[in-house]
Amino acid sequence: MMYRMESHPAEWIVRSAPLVFTFEGREVRGYEGDTISSALAGAGLPFLARSFKYHRPRSILSFANHDSNLLFQVDGVPNVRGDVVPLRAGMQVTAVNTFGGLAADKARILDRLARFLPVGFYYKAFHSRRHFPRWERLFRAITGLGVVSLDAPRQSTPKRYAFCDVLVIGAGRSGLAAALAASEAGAAVTLVDEGARPGGASAGSTGIQELVDAVQGAPRIQVLTGTEAAACYADLWVALVDNTRLTKMRARAVVLATGVIEQPAVFRNNDLPGVMLASAARSLVLRHRVAPGRRVVIVAANLEAYETCMILVAQGVSVAAIVDLRPERDADPQEPAVQDCASHGIELLRGSAPYAAVAGSDGVVAGLDVAPFDVVNGADAARVRRLECDAVLMSIGWAAAAQLLYHAGGRTRFDDGLQQFIPEEVPDGMFVAGRVNGVFEPQGRLADGRRAGLLAAAHAGFGSAAAVPAVVPRSGRRPSHAFPIVDHPQAKNFVDFDEDLQVRDLENAVQEGFDSSELLKRYSTVGMGPSQGKHSHLNALRVLARARRLGPGELGLTTARPMYHPVPIKLLAGRSFHVERRTPVDADHAAQGAVWMPAGNWRRPEYYARAGESREQSIAAEVAAVRSSLGLIDVGTLGKIEIYGPQAGLFLDRAYTGRFSDLRVGMTRYGLMVDESGVVVDDGVVARLAPEAYYFTTTTGGSATVFRELLRLNALWGLDCALVNVTGHRAGFNFAGPRSREVLQSLCDIDLGEAAFPYLGVREARVAGVPARLMRVGFVGELGYEIHVAAGSACAVWRALLAAGQPHGIRPFGVEAQRVLRLEKGHLIVGQDTDGLTDPLEANAAWAVSMKKPYFVGQRSLRILKARGPRQLLVGIEIDDPARIPRECHLVIQDGDIAGRVTSIVRSATLGKAIGLAMVVPALAATGTRLTIRGDGGEPIAAAVVPTPFYDPRGERQKAPGAA
Amino acid sequence: MKILVCPLNGPRPVSEFAYGGSVRASPDPGSCTDAEWSDYVFNRAGSPGIKREWWCHIASGYWFIVERDTLRDVVLATFPADAARKGFIPPVPAP
Chain A
303 MMYRMESHPA
313 EWIVRSAPLV
323 FTFEGREVRG
333 YEGDTISSAL
343 AGAGLPFLAR
353 SFKYHRPRSI
363 LSFANHDSNL
373 LFQVDGVPNV
383 RGDVVPLRAG
393 MQVTAVNTFG
403 GLAADKARIL
413 DRLARFLPVG
423 FYYKAFHSRR
433 HFPRWERLFR
443 AITGLGVVSL
453 DAPRQSTPKR
463 YAFCDVLVIG
473 AGRSGLAAAL
483 AASEAGAAVT
493 LVDEGARPGG
503 ASAGSTGIQE
513 LVDAVQGAPR
523 IQVLTGTEAA
533 ACYADLWVAL
543 VDNTRLTKMR
553 ARAVVLATGV
563 IEQPAVFRNN
573 DLPGVMLASA
583 ARSLVLRHRV
593 APGRRVVIVA
603 ANLEAYETCM
613 ILVAQGVSVA
623 AIVDLRPERD
633 ADPQEPAVQD
643 CASHGIELLR
653 GSAPYAAVAG
663 SDGVVAGLDV
673 APFDVVNGAD
683 AARVRRLECD
693 AVLMSIGWAA
703 AAQLLYHAGG
713 RTRFDDGLQQ
723 FIPEEVPDGM
733 FVAGRVNGVF
743 EPQGRLADGR
753 RAGLLAAAHA
763 GFGSAAAVPA
773 VVPRSGRRPS
783 HAFPIVDHPQ
793 AKNFVDFDED
803 LQVRDLENAV
813 QEGFDSSELL
823 KRYSTVGMGP
833 SQGKHSHLNA
843 LRVLARARRL
853 GPGELGLTTA
863 RPMYHPVPIK
873 LLAGRSFHVE
883 RRTPVDADHA
893 AQGAVWMPAG
903 NWRRPEYYAR
913 AGESREQSIA
923 AEVAAVRSSL
933 GLIDVGTLGK
943 IEIYGPQAGL
953 FLDRAYTGRF
963 SDLRVGMTRY
973 GLMVDESGVV
983 VDDGVVARLA
993 PEAYYFTTTT
1003 GGSATVFREL
1013 LRLNALWGLD
1023 CALVNVTGHR
1033 AGFNFAGPRS
1043 REVLQSLCDI
1053 DLGEAAFPYL
1063 GVREARVAGV
1073 PARLMRVGFV
1083 GELGYEIHVA
1093 AGSACAVWRA
1103 LLAAGQPHGI
1113 RPFGVEAQRV
1123 LRLEKGHLIV
1133 GQDTDGLTDP
1143 LEANAAWAVS
1153 MKKPYFVGQR
1163 SLRILKARGP
1173 RQLLVGIEID
1183 DPARIPRECH
1193 LVIQDGDIAG
1203 RVTSIVRSAT
1213 LGKAIGLAMV
1223 VPALAATGTR
1233 LTIRGDGGEP
1243 IAAAVVPTPF
1253 YDPRGERQKA
1263 PGAA
Chain B
324 MKILVCPLNG
334 PRPVSEFAYG
344 GSVRASPDPG
354 SCTDAEWSDY
364 VFNRAGSPGI
374 KREWWCHIAS
384 GYWFIVERDT
394 LRDVVLATFP
404 ADAARKGFIP
414 PVPAP
């Protein structure tokens, strides 16, 4: 049973600051400086949690941020890690995954049913579809972790960007030495460690405090404790996670001094409360003054076991025996720590292994059955001897904490002497030091840290790498046992404590054919729990290797992926942030009742809602206003580009299908753009302002990408011209309707007469006193002017136009009315009436293509397509019965086959019929052809091919004012 | 996130850039066959290896050329776009 020891000068807890909290509803006392786990253990609780699958009592195993069994529900927050989260007064702590509380957990019966829960149980039991839902509900309920509260308040967490020359990960002996060396070379160093204080596992050991003091006094070293390096991404961007935030650290060089993770021995009941890793006991005793027990047995296979023993003895903990898996000759008999233990009268059982731990009535370990052991034959069950004890510490080996190396694309190899994966290929800019690099001796770790620190500084541009020794000799020690696994006929010898996996489970999985590391992991779930295999991968690999009669190095570990430790998702989540562009008159639209719709990145008014009008009525009224009098639409979302230079015309000739080098100054022309394969990608209007200056528009959706592609073509061709994107600088309105000329004339300082400013002309003028560029366009099929002004003046002009139009019943109109108006004119919309395969010939736009030009993008492809003939054609259609109209994308059916589709459809009040555009096979494209369209529910809808434009086919209205 | 060295703007995070396809020499549209032209338009070499690619620094609208080993996911060199017209300078080998 664990207990709190007397105070010690170096302890981390503050005796004068006791903290009271509750655990499972019961009041418990701890101290400032405790973690949740150390406080509970110090209070003498026999066990702290139930295991994930079998609901076995569990207590501290690693005390190193991978005690996956000690996850708690704290003040409503699930899965709080007890081994690292600091204790606070008033915390309400409960165990997770229990039924009726920790002590009386009804699901503990599962421990006796383990036989019926074989490996791969899910795959086997859930085979039947009939039973699956019942099993799933049952298992969702009885296996699991904390409870997520759906009422949890929304929290936004800040992100931080940080930069440094050298990032040192791990503030143990080698990391401290590396930080000092890099700082001495002149580099700005950030040293991070997940622990609450620097020193790492070495905290309290000889010489460490001096090193910590030197680092804290050194210039240019920033020390971040309580900070995990959770992931390493491309070009040394390292995710640093602390309690409150994610820091995106970009380092010029990284020193990985992440150390090693102690591994458990595998024997029957190795999960009993009181059985823990020796490193856990060291931290508990030295930092929190919690003794592992009153009579301790140490399971040993390395020198660290004896060092731990002497530390415990010095602190007043009674060690009954050391059970060393190694035969006498391998058990470091000459080492001082070993001789110290012997001289203190501690019983040394060499060549022996724990065969089974025995639980007392309180569930805590009460004895350890030990037996003679060798790697080949295992434990000799016939010669078992019981050692009375109340704690078992395991010190049999380590696994490299090389996860960040793997994240960065590094590779390791298995070293048989060290029984550890050590770095083989290290990514550019990363340097590995200390025990993770296979260097275990204290002096060696200092030298290795210094080497890595100097190399990292040199990589970041400080000092030279020439004088730095390339390698520090790796350990002659054998810190890890090759097979610390003891079979037992009654099993419960756990490899994975997260997932309650025994040796037998893994062996069965291998027998069932899941005999590679990756398959074994996925089938058995070994290493898939919260600790992500930190204490189970290596032993699982050993079990697999034995079954396959291979070495661990021949099989390899599974892929390590971010995050290294579990990271609360709130720290990773970004803000809900949708990029949305708004035109300068956005607020005016809103005031006028705009109902918004997305258009590319923009938001645009779909229509303007008015009291007493339905959506359809509003749209119809907007259309009617334009046809009969006056309307105004914001077209500022169009891409707006200026191009200047002697070869500006040539550039446009090459980028667009039409010819613009012969366009007269003061005139505009429709521009159609295709890609290399001849597919229509964009359109707009090109205006020539001066011999060497053009202004042109792109579609709303294409404004960014078209401009970018034009820049690329300009870079590729190297013509003497330059492009400027003025999309955001300029606003644009289309002022359209029979009254547009007379109303605009009242606001405008130039002559708008047909002779002075003809159809398709472009003029510079002042509108309402604001400098404006006017273009006579015909998109909506009425007399109309596009008015482009500087964004800052947009509102003034918009309001002036509406005010001047007021006596004529002007209405602002939205995208929906514009769709009706343009469709009545038979104008296509790129991307709606065309798709990713439509060429200009098919889109009925051959008139906009000048094949005689020497070159334009897509010309060669269009030549091929022209020779081949169209596969489909865009035609106008009229629906027989305006009461039954198809929808856009409904299919045209001919003899049971798909022969086309509707691309646009509207009910035209102007024309009194339903009209649309459809892409049909050439055989159906002739005027008068009867079409059958498959409507909703499959019913046929009759239509006919008709010529376009539907409205004002001779285009008289966009030229002559007020024509009836 | 990767860092890309823009010839105009220096090292910037790759999120500031847009990919613009591989740099390929067009056959002469006047003399090539339809099959040669179709091959140029539609076929791309997807096998990993050393590629020359168009990249654009979005904020500045600057296009340039990246020589990249897609097998090792390493950028070998970056060039101003006129390198594509004037012939490439051999890249400095990676250290």
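Chains as they are written, first to last, in my numbering: chain A, 303 to 1266; chain B, 324 to 418.
Idealized CB from N, CA, C, for every residue including glycine.
Is there a C-beta anywhere in chain A that falls below 8 Å from the one on V415 (chain B)? Because V415 (chain B) carries a pLDDT of 42, less than 50, the predicted location of this residue cannot be relied on, and no value is offered for it.
Ordered list of beta strand (DSSP E) runs contained in the stretch 416-477 of chain A, each at least 3 residues: 461-471
Contact set for R403 (chain B): own chain, Cβ-Cβ below 7 Å, skip 5 residues either direction: The sequence as given places Pro at residue 403 (chain B); Arg does not occur at that position. These residues qualify, in order along the chain: P330 and F387.
Quick one: list the residues of chain B neighbouring A1017 (chain A), beta-carbon separation under 7 Å, in chain order. W386 and A404
At least one CB of chain B closer than 8 Å to the CB of G1264 (chain A): is that the case? Since pLDDT at G1264 (chain A) reaches only 44, below the 50 mark, its modelled position is unreliable, and the value read off the structure follows with that caveat. G1264 (chain A) does not count as touching chain B.
Buried/exposed call for W377 (chain B), threshold 16 Cβ in 10 Å: buried
Beta-carbon spacing of A1098 (chain A), G933 (chain A) below 8 Å: no
Where does Q949 (chain A) fall in DSSP's three states? coil
From A:R1065, A:C1050 and A:S819, residue whose alpha carbon lies closest to that of L857 (chain A): A:S819
Below 8 Å on the Cβ atoms is my contact criterion, and I expect T1205 (chain A) with L1226 (chain A) to pass it. Report the Cβ-Cβ distance as a whole number of Å. So it is not a contact: roughly 14 Å between Cβ atoms.
Among the candidates A:A498, A:V494, A:L469 and A:A473, whose CA atom is the shortest distance from the CA of A1351 (chain A)? For chain A, the structure presents residues 303 to 1266; residue 1351 (chain A) sits outside this window and is missing.
Taking just the CA atoms, how far does V328 (chain B) sit from V415 (chain B)? Low per-residue confidence applies at V415 (chain B): pLDDT is 42, beneath 50, and the placement is therefore not dependable, though the value from the model is reported in the following sentence. Distance between the alpha carbons of V415 (chain B) and V328 (chain B) is about 14 Å.
Give the range of the alpha helix (DSSP H) segment to which K794 (chain A) is assigned. First-last for K794 (chain A): undefined, no H or E at that position.
In angstroms with no decimal places, state the Cα-to-Cα distance between V568 (chain A) and I444 (chain A). 26 Å
Where does the unbroken alpha helix (DSSP H) through L822 (chain A) begin, and where does it stop? S819 to S826
Scan the stretch 357-385 of chain B for residues whose Cβ lies nearer than 9 Å to a Cβ of chain A and list them as they occur along the chain. D357, W360, S361, Y363, V364, F365, W377, C379, I381, G384 and Y385
Any residues in the stretch 1001-1015 of chain A with a beta carbon nearer than 7 Å to a beta carbon of chain B? Which ones, in chain order? R1010, L1013 and R1014
Neighbour list for R408 (chain B) in chain A, Cβ cutoff strictly below 7 Å: G1020
When DSSP builds the beta bridges, which residues end up paired with V393 (chain A)? The question names Val, but residue 393 (chain A) is Met in the sequence shown. Answer by DSSP bridge pairing: none, since M393 (chain A) is not bridged.
Extract the residue ranges of the alpha helix (DSSP H) inside the stretch 1129-1214 of chain A, only unbroken runs of 4 or more that lie entirely within it. 1161-1170
Please state the DSSP three-state secondary structure of C534 (chain A). strand
Min CB distance G333 (chain B) to chain A below 8 Å: no
Just checking: is the beta-carbon of A348 (chain B) within a distance shorter than 8 Å of some beta-carbon in chain A? no
Residue-chain proximity (E978 (chain A), chain B), Cβ-Cβ < 8 Å: yes
Rounded to whole angstroms, what is the Cα-Cα separation between D537 (chain A) and I523 (chain A)? 22 Å
Sorted by chain position, which residues of the same chain lie with C-beta nearer than 6 Å to V376 (chain A)'s C-beta, five sequence neighbours on each side aside? V382, M393 and V395
Taking L852 (chain A) and V828 (chain A) to be in contact with their CB atoms under 8 Å, please state how far apart those CB atoms are, rounded to whole angstroms. With a Cβ gap of about 17 Å, L852 (chain A) and V828 (chain A) do not count as contacting.
Which residues in the same chain as A1119 (chain A) place their Cβ atom closer than 6 Å to its Cβ, once the five residues preceding and following it in sequence are excluded? I921, E924 and V925
Verify the CB distance criterion: does E467 (chain A) have a CB-CB separation below 8 Å to chain B? The question names Glu, but residue 467 (chain A) in the sequence shown is Asp. No, because no Cβ of chain B sits closer than 8 Å to the Cβ of D467 (chain A).
Pair within 8 Å by beta-carbon distance, H1000 (chain A) and G1094 (chain A): Rather than His, the amino acid found at residue 1000 (chain A) in this sequence is Thr. Contact flag unset, no.
If we ignore side chains and look at the alpha-carbon of each, how far apart do K794 (chain A) and A681 (chain A) end up? 16 Å
Output the boundary residues of the beta strand (DSSP E) element that contains P854 (chain A). Here P854 (chain A) belongs to no beta strand (DSSP E); instead the alpha helix (DSSP H) covers P854 to L857.
Using 8 Å as the limit for Cβ to Cβ distance, is P352 (chain B) near chain A? yes
For S930 (chain A), which option in A:S645, A:L874, A:H1110 and A:T939 has the closest C-alpha, if you only look at C-alpha atoms? A:H1110
Between the stretch 429-463 of chain A and chain B, which residues of the former have a C-beta closer than 9 Å to a C-beta of the latter? none
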